[in-house]
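Asker:
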């Protein structure tokens, strides 16, 4: 039993521990099912429901609800988590110069990413719809979705890579080489704010456009053929078709895509951390949360930033739910 | 939060009617611009990855001295970068991290799916007081950002004496996956006609045998869809792993190893490129093999926290 919960050092020990953990889990599940299967009587349904729900509810209560409340509480305390300072941390977020840059960047991320990613995804979905090799064309845009934010950041950091422009030193980053080919001089892309933030946003757009394209493409294909045919017989132009047939039909889906990407963007910190480490005024709330909590050991401010993330998600979700309700009522 | 009520795959359900020759011609004439834009986008989306892939096979000195596009004039090929990055005696090695990724991911996919199956069954097919309120509560937990939970959770793990092992990562990923998993599987279960379950019940089947004999076979696509989601999520995660596994290679997964390498050896592109591709290989393979299910899960809708 000791080895099951201690640190496994060697590769065989790691896999053995993994197997043991899965077996332990299977045994617990087996017990629950065994007893649930034997329950009889008038109230048996309730007991079975309780047995099936108990593990999930316990994990959510201990792992999400309690820590969430605890963090909200902690956000009213100072860096060491000892002295109560009221709204002090929140005041810092909205007045401190560095934190205001963080807020500005976060707004930039959340506004630019969903709209550009959705626009690119929609454009591409329409362009390749019913084209030859449609599935191959889609796969090219789709694949970045399986790449981690860290690996994607490395891929793009290599594109932005800069070598000093002197003597026989050659550029190894594609973007700077393109500049050199055009006769311009290379530059350090990730240093100048706010351009650097936009260049980091490119990575997120690159990943999310595939999601937008996939979902929107399915929505476009679900538009009934007779509507499209009727519009075509009326002599509607390609743009008119998009404006008056395609877009209104897929509007609910567009809203879902926009809000889903918006929420995902709000929480991404991997890209900023890998590309710039939050330097050169590129930090965002999610990255600042990590730095304050684990690097600067400012627990109070870290907690307040986490709560801010939570608060920022809520209006997006509410909007999404409302739009869905309205779409269903129609 | 379903975008479309019925699951749709990438391939349209009915084969589109044959377009007439005239229609084809008209389309071809009107769309050279459309094709051009599509090609430009496809190139923009592919070239960055391709450049790094080419670099991972070039010798170290070449990667440092010239751009990857010169490879086509002067091809040089080596597997040394991959050897360096996997060799565990090397200080920049990602070998142990790579092993950890598997050890982390497998239980972190199995545990939440199993738990969510049971919970979703209870919500979908057992009547008990407070069911709807409880279901909405679980659904609403999807919006909690995991950042809010990390530090208190870390304290709980330290108190329980399991900090620094694989357990905090397994447990955390399972917890964070549950709201979405319960919600998605519940939606799929609700779509199964109740007549099937009634028939089994009349035959004297209890909840356990109904679950295994009637529901499980029908749920296979839904389980595959969520399984891929969770697999990609866990394999590609940085935040949870950094918080609970630290930076060393005893527990941390390859994404953490890669992030460390990028931090400490940020200009060692021969290592970074090979490391990045090793980390990409597994999720991309899974993704390509099970793409159909993934798309179906995507269309069933998600707002993963």
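Chains as they are written, first to last, in our numbering: chain D, -9 to 320; chain C, 228 to 532. We put the CB at the ideal spot given by N, CA and C, even for glycine.
1) Looking at the unbroken alpha helix (DSSP H) that takes in residue 94 (chain D), where does it start and where does it end?
2) Compute the Euclidean distance between the alpha carbons of residue 369 (chain C) and residue 306 (chain D), then round it to the nearest angstrom.
3) Going by beta-carbon coordinates alone, are residue 95 (chain D) and residue 273 (chain D) separated by less than 8 Å?
4) What does DSSP give as the partner residues of residue 74 (chain D) in its beta bridges?
5) Report yes or no: do the region 394 to 407 of chain C and the region 445 to 464 of chain C share at least 3 C-beta pairs separated by less than 8 Å?
6) Considering just the uninterrupted stretch of the alpha helix (DSSP H) at residue 158 (chain D), what are its terminal residues?
7) Distance, Cα to Cα, residue 235 (chain D) vs residue 118 (chain D)?
8) Would you say residue 278 (chain C) faces chain D, with C-beta separation under 8 Å as the test?
9) Taking the alpha helix (DSSP H) that residue 135 (chain D) falls in, what are its first and last residues?
10) If the cut is a Cβ gap below 7 Å, which residues of chain D does residue 333 (chain C) touch?
11) Tell me, please, whether the CB atom of residue 292 (chain C) is closer than 8 Å to any CB atom in chain D?
12) Between residue 431 (chain C) and chain D, is the shortest Cβ-Cβ distance under 8 Å, so that the two count as touching?
13) Is residue 434 (chain C) close to chain D, meaning its C-beta is less than 8 Å from at least one C-beta of that chain?
14) Taking only the alpha-carbon atoms, compute the straight-line gap between residue 256 (chain D) and residue 379 (chain C) and give it to the nearest angstrom.
15) For a contact defined as C-beta to C-beta under 8 Å, what are the partners of residue 49 (chain D) on chain C?
16) Beta-carbon of residue 437 (chain C) versus every beta-carbon of chain D: anything under 8 Å?
17) Cβ atoms of residue 251 (chain D) and residue 107 (chain D): under 8 Å apart, would you say?
18) For the pair the region 116 to 136 of chain D and the region 262 to 280 of chain C, tell me if three or more CB-CB distances fall below 8 Å.
19) For residue 29 (chain D), collect the residues of the same chain with a Cβ closer than 7 Å to its Cβ; drop the 5 residues on either side in sequence, then sort them by chain order.
20) Can you check whether the CB of residue 162 (chain D) is closer than 8 Å to the CB of residue 503 (chain C)?
21) Our contact map puts residue 25 (chain D) next to residue 41 (chain D) with C-beta atoms below 8 Å; I'd like the distance itself, whole angstroms only.
22) Can you check the region 309 to 357 of chain C for any alpha helix (DSSP H) of at least 4 residues that lies completely inside it and give the ranges in chain order?
23) Can you find a C-beta in chain D that's less than 8 Å from the C-beta of residue 237 (chain C)?
24) Using the beta-carbon count (16 or more within 10 Å), is residue 521 (chain C) buried or exposed?
25) Measure how close the beta-carbons of residue 398 (chain C) and residue 53 (chain D) come, nearest whole angstrom, since I'm counting them as under 8 Å.
26) So, do the region 507 to 515 of chain C and the region 492 to 499 of chain C have three or more beta carbon pairs nearer to each other than 8 Å?
27) Which whole-angstrom value is the C-beta distance of residue 533 (chain C) and residue 164 (chain D), which I expect to be below 8 Å?
28) Checking contacts by CB at 8 Å: is residue 412 (chain C) closer than that to chain D?
29) For residue 169 (chain D), which residues in chain C fall below 8 Å Cβ to Cβ?
30) Counting beta carbon pairs with one atom in the region 191 to 199 of chain D and one in the region 142 to 157 of chain D, are three or more of them shorter than 8 Å?
31) In chain order, what residues of the same chain have a beta carbon less than 6 Å from the beta carbon of residue 331 (chain C), not counting five sequence neighbours either side?
32) By Cβ distance below 6 Å, which residues in the same chain neighbour residue 110 (chain D) in space, the five residues on each side in sequence not counted?
33) Might you give, ordered along the chain, the residues of its own chain that have their beta carbon closer than 6 Å to the beta carbon of residue 350 (chain C), omitting 5 neighbours on each side?
34) Below 7 Å on C-beta distance, what does residue 354 (chain C) contact in chain D?
35) To the nearest whole angstrom, what separates the beta carbons of residue 240 (chain D) and residue 220 (chain D), a pair I think is in contact under 8 Å?
36) What is the residue span of the alpha helix (DSSP H) that residue 476 (chain C) lies within?
Answerer: For this structure:
1) In the first chain, counting from the first residue as 1, residue 94 (chain D) sits at position 104. Looking at the DSSP string, the run of the alpha helix (DSSP H) that includes residue 94 (chain D) is 87 to 118.
2) As a first step, residue 369 (chain C) is located in the second chain; it is residue number 142 there, counting from the start. As a first step, residue 306 (chain D) is located in the first chain; it is residue number 316 there, counting from the start. Approximately 13 Å between the Cα atoms of the pair.
3) Residue numbering aside, residue 95 (chain D) sits at position 105 when the first chain is read from its first letter. Residue numbering aside, residue 273 (chain D) sits at position 283 when the first chain is read from its first letter. A contact, by the Cβ cut-off of 8 Å.
4) On the first chain, residue 74 (chain D) is found 84 positions in, with the first residue counted as 1. BP columns for residue 74 (chain D) point to D:67.
5) yes
6) Along the first chain, one-based indexing puts residue 158 (chain D) at 168. Unbroken run through residue 158 (chain D): none, as it is neither H nor E.
7) Here residue 235 (chain D) refers to the residue found at position 245 when the first chain is read from its first residue. Here residue 118 (chain D) refers to the residue found at position 128 when the first chain is read from its first residue. Whole-angstrom Cα-Cα distance: 18 Å.
8) Counting from one through the second chain, the residue named residue 278 (chain C) turns up at place 51. Judged by the 8 Å Cβ criterion, residue 278 (chain C) is in contact with chain D.
9) To locate residue 135 (chain D), count along the first chain from 1; it is residue 145. Counted as a single uninterrupted DSSP element, the stretch harbouring residue 135 (chain D) is not any alpha helix (DSSP H), since DSSP gives it neither H nor E.
10) Counted from its first residue, the second chain places residue 333 (chain C) at position 106. Per Cβ cutoff of 7 Å: 8.
11) Indexing the second chain from 1 puts residue 292 (chain C) at position 65. True, the Cβ-Cβ gap to chain D drops below 8 Å.
12) For the purposes of this step, residue 431 (chain C) is identified with residue 204 of the second chain, where counting begins at 1. For residue 431 (chain C), the answer is no, since every Cβ of chain D falls outside 8 Å of its Cβ.
13) Translated into the one-based positions of the second chain, residue 434 (chain C) becomes position 207. Taking Cβ atoms only, chain D reaches closer than 8 Å to residue 434 (chain C), which makes this a yes.
14) Here the question's residue 256 (chain D) lines up with position 266 in the first chain. Here the question's residue 379 (chain C) lines up with position 152 in the second chain. If I take the Cα positions, the gap works out to 21 Å.
15) For this step, residue 49 (chain D) is matched to residue 59 along the first chain. Ordered by position in chain C, the residues that pass the 8 Å Cβ test against residue 49 (chain D) are 342, 398, 401, 402 and 405.
16) Here residue 437 (chain C) refers to the residue found at position 210 of the second chain. It does not; no Cβ of chain D falls within 8 Å.
17) On the first chain, position 117 is the one that residue 107 (chain D) refers to. On the first chain, position 261 is the one that residue 251 (chain D) refers to. For residue 107 (chain D) and residue 251 (chain D), yes; Cβs fall inside 8 Å.
18) Three or more Cβ pairs drawn from the region 116 to 136 of chain D and the region 262 to 280 of chain C lie within less than 8 Å of each other, which places the two stretches in contact.
19) Within the first chain, the letter at position 39 stands for residue 29 (chain D). Sequence-distant Cβ neighbours of residue 29 (chain D) in its own chain, meaning closer than 7 Å and more than five residues away, are 37 and 38.
20) Working through the second chain from its first residue, we reach residue 503 (chain C) at position 276. Working through the first chain from its first residue, we reach residue 162 (chain D) at position 172. In this structure, residue 162 (chain D) does not lie closer than 8 Å to residue 503 (chain C) by Cβ.
21) In the first chain, counting from the first residue as 1, residue 25 (chain D) sits at position 35. In the first chain, counting from the first residue as 1, residue 41 (chain D) sits at position 51. The Cβ separation is near 7 Å, so the contact holds.
22) 322 to 352
23) Taking the first residue of the second chain as position 1, residue 237 (chain C) is located at position 10. Because the pLDDT of residue 237 (chain C) is 33, which lies under 50, any placement of that residue in the model is unreliable, and the number read from its coordinates should be weighed accordingly. So, interface residue.
24) Along the second chain, read from residue 1 onward, the residue named residue 521 (chain C) stands at position 294. Looking at its Cβ environment, which holds 16 or more other Cβ atoms inside 10 Å, residue 521 (chain C) is buried.
25) Start at 1 with the first residue of the second chain, and residue 398 (chain C) comes out as number 171. Start at 1 with the first residue of the first chain, and residue 53 (chain D) comes out as number 63. That belief holds up - the Cβ atoms of residue 398 (chain C) and residue 53 (chain D) are roughly 7 Å apart, short of 8 Å.
26) no
27) Limits of chain C in this structure are 228 at one end and 532 at the other, which puts residue 533 (chain C) out of reach.
28) In the second chain, residue 412 (chain C) corresponds to position 185, counting from 1. It does not: the Cβ of residue 412 (chain C) has no partner Cβ on chain D nearer than 8 Å.
29) Numbered from its first residue, the first chain carries residue 169 (chain D) at position 179. In chain order: nothing, as chain C lies at least about 12 Å away.
30) Counting Cβ pairs under 8 Å, three or more are found: they touch.
31) Counted from its first residue, the second chain places residue 331 (chain C) at position 104. If we look at residue 331 (chain C) and ignore the five residues flanking it on each side, its Cβ neighbours are 396 and 480.
32) Translated into the one-based positions of the first chain, residue 110 (chain D) becomes position 120. So the qualifying residues of the chain are 199.
33) As a working mapping, residue 350 (chain C) is identified with position 123 in the second chain. 362 and 413.
34) As a working note, residue 354 (chain C) is residue 127 in the second chain. Going along chain D in sequence order, the residues near residue 354 (chain C) (Cβ under 7 Å) are 35.
35) Here residue 240 (chain D) corresponds to residue number 250 of the first chain, with the count starting at 1. Here residue 220 (chain D) corresponds to residue number 230 of the first chain, with the count starting at 1. At roughly 17 Å, the Cβ-Cβ gap does not stay under 8 Å, so residue 240 (chain D) and residue 220 (chain D) are not in contact.
36) The count along the second chain starts at 1 and reaches residue 476 (chain C) at position 249. Residue 476 (chain C) -> no alpha helix (DSSP H), and no H or E assigned at all.
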